[in-house]
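Enquirer: For the record, the sequence lines run as chains A and B. Heads up: the first sequence runs through residues 1 to 284, numbered per the UniProt record's numbering. Heads up: the second sequence runs through residues 1 to 263, numbered per the UniProt record's numbering. C-beta atoms are modelled at their ideal positions from N, C-alpha and C, and glycine is treated no differently. One structure, pasted below without further comment.
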Amino acid sequence: MQALLDVSGLRKVYEGSGRRVEALRDLTFSVDAGELVCLVGPSGCGKTTLLKCVGGLLAPTGGEVRLGGRPVTAPPPGMAVVFQEYGRSLFPWMRVRENVELPLRQKRLDAGRRRELVADALESVGLADAAGAYPWQLSGGMQQRVAIARALAYEPEVLLMDEPFAAVDAQTRADLEDLVRGLWQQRGITILFVTHDIDEAVYLGERVLVLSSSPTVVQEELRVDLPSGRDQLHTRVSPRFAELRTHVYEQVQAAKRGAPGVPWQRGVPLHKDTVSDTPPSPTG
Amino acid sequence: MKGGVKDWPLRLFLALALPSVLLAVWWFASDDSTDVYWPPLRTILTAFPDVWTGDRLREDVLPSVLRLSAGYACAAAAGVGLGTLIGSHRRVRAVCEPALEFVRAVPPPVLVPVIMLFAGIGDTMKIAVIAAGCVWPILLNTVEGVRSLDAVMSETARSYGITGVARLRHLVLPAAGPQIFAGLRQALSIGIILMVISEMFAADNGLGFTIVQFQRGFAIADMWTGILLLGLLGFALSVLFHTVERRVLGWYHGLRDATRRSS
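Okay, structure coming up:
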């Protein structure tokens with residue numbers, strides 16, 4: 001079966017003002033329909049760059065992203081992004097309902113269908129009452145729920161989440177994690193979730209991809225064999241969870257160590273069971 | 001609107017306190033004045049209803065206000081339109097910015113004689129003068145507002161396919177709204193000044209024209225009533241502007257208050 005989202009040999013080099021920064025070296029992975037995959041890596045490992053390339057917001061230097069077999073060159077209608085900065089991602093001059101509805105108007109859906117989708121999306125994130133409020137009247141966690149509702153209403157094939165809970169407090173974060181797990185299970189959507197939080201990655205994902213430091217490659221791919229019904233209380237204290245998180249933690253630490261000052265001389269990255277099968281693309 | 005109803009008498013009192021004091025000071029300080037150029041306020045106020053009759057308002061104030069509105073509207077349309085264009089494109093901005101800074105530095109009243117040369121001395125000239133003076137603060141503020149569009153908002157719009165006209169309407173213009181209104185506010189005071197000045201140069205009606213006529217005829221008290229009326233007109237326009245701004249930028253004031261409360 002062909003993967004829904006296919007990233008192959010992705011490479012991104014930033015060039016400007018005499019500096020050349022290789023952010024992504026060679027990333028290859030795929031996400032099947034209905035999967036929840038977490039990308040975790042050390043700070044500054046180019047996670048956001050990766051997500052922007054996948055979302056078609058940034059043109060890669062080399063390699064390719066395919067969604068449902070079609071190459072992604074601009075933001076495709078089948079993708080929705082939830083950004084970390086919820087406060088800057090929602091439009092403060094629009095009420096919650098209008099924020100969720102705006103992308104649907106661009107899709108030229110008729111008013112009835114739009115209303116249906118908006119109501120359903122807000123309902124499923126528990127914000128049916130807040131439709132008439134402005135985003136800035138809501139707490140941070142609620143604003144991020146609005147952003148999630150906007151993405152859900154858009155009915156994407158793949159939902160991209162870029163460290164969506166990095167800016168909220170720990171309790172809100174736990175609630176939002178469960179919300180995402182719940183939505184994923186109920187709706188069978190496909191989610192690519194980027195985070196720097198190892199526990200979050202293991203708790204949420206069916207599969208965790210550990211990224212190396214910049215220039216980034218996929219360091220390891222790990223299948224999370226925790227039961228699918230997870231909850232904050234029991235899952236996080238289960239021995240298997242501890243094993244998995246320890247393993248990922250070690251990998252992230254190795255990734256950090258494995259990035260000396262001159263990454264060019266580092267030789268072949270620690271591909272243990274990575275899905276990478278293409279050599280670093282020489283395009284530039 | 002927290003406690004809005006409860007403290008409005010207090011707010012009204014605060015708003016009226018200083019003007020009342022100033023008027024009282026003027027009244028008593030000028031009460032026994034025999035100076036021709038500084039008539040008692042009593043005399044000015046007595047003259048006011050005699051000077052500004054219905055006919056006068058229609059023949060002098062109305063044309064002034066209409067010319068101001070026309071010039072201001074032209075400036076707003078041109079300023080926001082061009083400003084959006086310049087602000088959205090880095091290349092265009094690089095080309096235009098030095099020239100804009102130069103033209104902006106030219107004091108608008110010197111445009112009156114120049115514009116008179118090709119637009120004559122009719123309404124067109126006055127509207128052109130007002131528009132030419134008002135356009136700069138609107139244009140430059142729009143450029144700045146459009147240019148400083150938040151990167152995350154911009155990416156959000158892109159990822160949801162909000163492009164073209166929809167992007168302009170739902171993202172760029174609302175986001176630049178607070179800056180655009182700052183420019184419109186500056187332009188309003190410039191517009192009133194230019195309205196008067198353009199009528200002082202060459203006109204056969206209008207507030208500025210009438211005030212100069214009174215001055216030339218040594219009708220000093222009448223001249224002062226014209227100045228008072230100008231002040232009142234400016235005040236009324238400012239209140240109107242404030243009301244419109246509160247409506248359009250309600251979200252912005254709410255957002256600012258919310259940010260202030262939480263920090």
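Is residue 168/A close to chain D, meaning its C-beta is less than 8 Å from at least one C-beta of that chain?
Expert: Included in the structure are the protein chains A and B, with no chain D among them.
Enquirer: At 3 residues or longer, and completely inside the stretch 50-91 of chain A: list those beta strand (DSSP E) runs for me, N to C.
Expert: Runs found: 62-67, 79-82.
Enquirer: Find the residues of chain B that neighbour residue 81/A, judging by a C-beta separation of less than 9 Å, and give them in chain order.
Expert: Per Cβ cutoff of 9 Å: 155, 156, 159, 160.
Enquirer: Answer yes or no: do residue 135/A and residue 143/A have a C-beta to C-beta separation smaller than 8 Å?
Expert: The answer is yes: Cβ separation under 8 Å.
Enquirer: Are residue 33/A and residue 4/A touching if we call contact CB-CB under 8 Å?
Expert: Yes, the Cβ-Cβ distance between residue 33/A and residue 4/A is below 8 Å.
Enquirer: Let me check one thing: in DSSP terms, what residues is residue 161/A bridge-paired to?
Expert: Partner(s): 82/A, 193/A.
Enquirer: With 16 other CB atoms within 10 Å as the buried threshold, where does residue 240/B fall?
Expert: Result: exposed.
Enquirer: Who are the Cβ neighbours of residue 64/B in its own chain at under 6 Å, not counting the five residues just before and after it?
Expert: The answer, listed in chain order, is 195, 206, 207.
Enquirer: For the alpha helix (DSSP H) containing residue 18/B, list its first residue and its last residue.
Expert: 8-29 is the extent of the alpha helix (DSSP H) around residue 18/B.
Enquirer: Flag this pair as yes or no: are the beta carbons of residue 220/A and residue 210/A separated by less than 8 Å?
Expert: Taking 8 Å as the Cβ cut-off, residue 220/A and residue 210/A qualify as a contacting pair.
Enquirer: Tell me which same chain residues have a C-beta within less than 8 Å of the C-beta of residue 17/B, skipping the five on either side of it?
Expert: Nothing meets the Cβ criterion.
Enquirer: Could you give the residue range of the alpha helix (DSSP H) that holds residue 45/B?
Expert: Residue 45/B -> alpha helix (DSSP H) spans 41-51.
Enquirer: Taking 6 Å as the limit between beta carbons, can you name the residues of its chain near residue 128/A, skipping five residues before and five after?
Expert: Once the five neighbours on either side are set aside, the close Cβ partners of residue 128/A are 122.
Enquirer: Kindly indicate the opening and closing residues of the alpha helix (DSSP H) around residue 66/B.
Expert: Element bounds for residue 66/B: 62-88.
Enquirer: Roughly how many angstroms separate the alpha carbons of residue 81/A and residue 237/B, rounded to a whole number?
Expert: When rounded, the distance between both Cα atoms is 45 Å.
Enquirer: By how many angstroms is the C-alpha of residue 86/A removed from the C-alpha of residue 110/A?
Expert: Straight-line Cα distance between these residues: approximately 27 Å.
Enquirer: Please report the straight-line C-alpha distance between residue 13/B and residue 164/A, rounded to a whole angstrom.
Expert: So the two alpha carbons sit approximately 49 Å from each other.
Enquirer: Would you check if there are 3 or more beta carbon pairs closer than 8 Å linking the stretch 146-158 of chain B to the stretch 27-37 of chain B?
Expert: Touching, no.
Enquirer: Under 7 Å between beta-carbons, which chain B residues line up against residue 134/A? List them in chain order, please.
Expert: Those within 7 Å of residue 134/A in chain B are 251, 254.
Enquirer: Tell me whether the beta-carbon of residue 142/B lies closer than 8 Å to the beta-carbon of residue 92/B.
Expert: The answer is no: Cβ separation not under 8 Å.
Enquirer: Hey, residue 53/B and residue 221/B: beta-carbon distance below 8 Å or not?
Expert: Not closer than 8 Å, so no.
Enquirer: Check for me: the beta strand (DSSP E) holding residue 35/B runs from which residue to which?
Expert: Neither: residue 35/B is in no beta strand (DSSP E) and is coded neither H nor E.
Enquirer: Taking Cβ positions only, does residue 4/A come closer than 8 Å to chain B?
Expert: Closer than 8 Å: no.
Enquirer: Residues of the stretch 133-157 of chain B in Cβ contact with chain A at a cutoff of 7 Å, in chain order, please.
Expert: Within the stretch 133-157 of chain B, the qualifying residues are 150, 152, 153, 155, 156.
Enquirer: With DSSP as the reference, label residue 234/B as helix, strand or coil.
Expert: Helix, per DSSP.
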